[in-house]
Amino acid sequence: MITNNQNLYELLDSGQFEKVRTILNENLVENCNENNTDEILYQLRLYGILIDLGRESFNRNDLKKGIEFYEKNELLFEKVITKESYYYNLANAKEGLAKIFYSENKGVHSIYTSFTEFQEPINLYWMAFKKATPKDSLFHQIIINLSSALMYTNRIIEAIQLLDTVLKVQPNYNQALISRANYLDYLSTVTNCPISIALYTQIYLSYYKGIQSNSIPYEVYQKSLYEMNQKKKIIENQGFSVENLGKELEKTKSEYNELSEFRQFCIDNFLTLNEHAVYCPCIASKTDDIQIGVQNVLFKNSLLPKLELLLNRIKSEFAFARWNYYKSNTERAFDYDVEFSELLEGEIINSKSETLRTSYRICYGILDKIALGICKIYGVDGGNIFFERFWNEKKRKPVLEKQKNIHLNALYSIACDLNTKTGELRHFKNWRNKLEHNLLILKDTSNESPDLLNIYDDPDFVAVIDINEFKEKTIQLLQLTRAAIFSYVYCIRLETITNETSHNKNTIPTISLK
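Number 490 in the UniProt record's numbering belongs to position 490 of the sequence shown; there are no gaps in the numbering.
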């Protein structure tokens, strides 16, 4: 029996994969005694190490063996580990298979290949996330691994946001810091986003802080050190000194403090449509100025003005949804001269709850407009569009399947999450449908007022949601919608940009902001 798992992890970190595999194979069993809790826990730990081994050594057999063990014994494991732990470990194994596929199949995949190979780990990490609470020991690691899984489908904005939520609580979390640096660097190469010294500064500092640990695998340390030094050269070539970056950060903090309370709220809660604000809260983040067109780049598609017009509408609606959410949290409810029947049901009805509901509703209209833009750029039928399910319509699917655009993959992955039948975030659309077509009641469920008239005993007619849960889900939906807007912009930008160096009659210049 293995008495010290730490020894195995030390062997893993040093790259002695075959030695670890031999030790594990001598101790693993396929079937546990369901009455022996100690044996179940022991085998769970060993199979967890096997999954880590498979991920590190790119070995499908290790991962498939771990997956089979977990899936076969799901009910048995409920006796000894939490659901979030089960989903997390199974997700790690499935993510390992995705990692191998990604490494063996370079290039851009179709949206349907992306779904087949990369969506299942995302689903499982979402399942773990929904079960976990901030007090759970795995909570932040689940978030970090979810961000990694999202990157396979190029959901870059969400991945960075997730890492930033961890770093707000644990600012020295090495894995989150190094991943953040990697993702920001990747963002700069695949989106044609404006490049700034602030971006390179954030990448440099994330690497610098991230490698201040003895627990980082040697290869990760060496790669991070190299990338950090590359960014240092760029910063210094622009006349800045890394020794003085502290002063620049203080200036950034000062500029942030001068922003309005509302804008600070938007930045703090990842609700801006500003490419600079993805990584820096300085004065350049003060407005939502994202465009499809970017400076010093030519565009080859005559549809660009129409798609910018659509983006204007999307930005306006998102800003209104965001503003409504902010008002629902900060303003006092006002009396709008209405008297309601007293039914003793405890529903919260006031201006604040209505602005909150409005914020939620608007998001789905925005997502459907993104679907309209996708149909327009690829020349497919734009009728009867619903973002989460328009992709698989028989006339659209063959066209969309041929496209090789990493940001289209991101949008499809978001749509898969929101799918009302199979998506792990399907509750968003279910609630939206109840808001629009049924009866959804918001109440404070901590105040257990009795339903004396039995109004709520008819779930087909009325759904009851705790208002605090609804607030939490509304801001999550706003953040998801924001990420979809970024991916839409990047998708259209990639499809319309040209490498031509001179204007001609088919080239569209960058459109200025009003």
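Yeah, the Cβ is synthetic: ideal placement off N, Cα and C, and Gly gets one too.
Spatial neighbours of residue i in its chain, beta-carbon cut-off 8 Å, leaving aside the 5 residues before and after
i           : result
residue 340 : 349
residue 78  : 86
residue 45  : 5
residue 211 : 174, 178, 221, 224, 225 and 228
residue 315 : 273, 288, 290 and 485
residue 155 : 410, 413, 414, 483 and 487
residue 144 : 162, 163, 166, 173, 175, 176 and 179
residue 303 : 376, 377 and 496
residue 343 : 453 and 455
residue 401 : 110, 111 and 112
Buried versus exposed call for residue i [16 or more other C-beta atoms within 10 Å across all chains shown]
i           : result
residue 470 : buried
residue 222 : exposed
residue 437 : exposed
residue 50  : buried
residue 68  : exposed
residue 161 : buried
residue 336 : exposed
residue 235 : buried
residue 501 : For residue 501, the predicted structure reports a pLDDT of 40, less than 50, and the residue's modelled location is therefore unreliable. A value from the coordinates is still provided. Classification of residue 501: exposed, given that the 10 Å Cβ count is below 16.
residue 322 : buried
residue 218 : exposed
residue 479 : buried
residue 444 : exposed
residue 60  : exposed
residue 275 : buried
residue 466 : exposed
residue 563 : Because residue 563 is not part of the residues shown, which for the chain are 1 to 514, the question remains open.
residue 405 : buried
residue 270 : buried
Cβ neighbours of residue i in the same chain (closer than 6 Å, five flanking residues each side left out)
i           : result
residue 76  : 34
residue 382 : 372 and 375
residue 353 : 442
residue 153 : 114, 118, 409, 410 and 413
residue 62  : 50, 53 and 54
residue 192 : 294 and 493
residue 66  : 47, 50, 51 and 93
residue 13  : 217
residue 399 : 378 and 380
Option in the options with minimal Cα separation from residue i
i           : options               : result
residue 395 : 462, 387 and 379      : 379
residue 327 : 444, 10 and 357       : 357
residue 355 : 333, 345 and 368      : 333
residue 283 : 447, 129, 61 and 253  : 253
residue 458 : 421, 285, 215 and 439 : 439
residue 151 : 7, 167 and 108        : 108
residue 40  : 201, 365, 490 and 74  : 74
residue 99  : 481, 84, 120 and 467  : 120
residue 346 : 42, 82, 447 and 422   : 447
residue 201 : 317, 158 and 247      : 247
residue 249 : 279, 296 and 473      : 279
residue 368 : 130, 257 and 481      : 481
residue 171 : 206, 148 and 183      : 206
residue 25  : 36, 43 and 13         : 43
residue 146 : 88, 188, 190 and 101  : 88
residue 139 : 83, 7, 184 and 399    : 83
residue 70  : 269, 30 and 204       : 30
residue 101 : 149, 130, 168 and 405 : 149
residue 129 : 104, 103 and 91       : 91
residue 416 : 105, 116 and 384      : 116
Contacting residues, own chain, Cβ-Cβ under 7 Å from residue i (five flanking each side not counted)
i           : result
residue 529 : There is no way to answer for residue 529, as the model of the chain reaches only from 1 to 514.
residue 477 : 360, 363 and 428
residue 319 : 288
residue 277 : 267 and 285
residue 430 : 420
residue 451 : 345
residue 259 : 286
residue 158 : 150 and 483
- Segment contact flag, the segment 50-58 with the segment 89-103, C-beta cutoff 8 Å, min 3 pairs: Short answer: they touch.
- Would you mind listing the alpha helix (DSSP H) stretches within the segment 15-70 that are 4+ residues and don't spill past its ends, in chain order? Look at the segment 15-70 and you find these whole runs of alpha helix (DSSP H), each 4 residues long or longer: 17-25 and 37-57.
- Let me know the alpha helix (DSSP H) ranges lying completely inside the segment 138-224, each 4 residues or longer, listed in chain order. Runs of the alpha helix (DSSP H) inside the segment 138-224: 139-152, 156-169, 174-190 and 197-210.
- Item | contact_flag[the segment 112-130, the segment 242-250] where n(CB pairs < 8 Å) is 3 or more | Touching, no, given that fewer than three Cβ pairs across the two stretches are closer than 8 Å.
- Item | Minimum length 3: unbroken beta strand (DSSP E) runs contained in the segment 443-475 | Those beta strand (DSSP E) runs which fall completely within the segment 443-475 and span 3+ residues are 462-466.
- Should the segment 131-148 be regarded as contacting the segment 424-435, the criterion being three or more beta carbon pairs within less than 8 Å? Too few Cβ pairs lie closer than 8 Å, so no.
- On the three-pair Cβ rule with 8 Å, is the segment 416-430 touching the segment 383-390? Under the 8 Å Cβ criterion, the segment 416-430 counts as touching the segment 383-390, having at least three qualifying pairs.
- Query: Taking only runs of the alpha helix (DSSP H) that begin and end inside the segment 381-456, which ones reach a length of at least 4 residues, in chain order?
  - Reply: Within the segment 381-456, the complete alpha helix (DSSP H) segments at least 4 residues long are 397-402, 406-418 and 427-437, listed from N- to C-terminus.
- Query: What residue ranges within the segment 241-276 form continuous alpha helix (DSSP H) runs of no fewer than 4 residues, ordered along the chain?
  - Reply: If we require 4 residues or more, the alpha helix (DSSP H) runs fully inside the segment 241-276 come out as 245-258 and 261-268.
- Quick one: which unbroken alpha helix (DSSP H) runs of 4-plus residues sit fully inside the segment 314-380? Chain order, please. As far as the segment 314-380 is concerned, its whole alpha helix (DSSP H) runs of at least 4 residues are 351-378.
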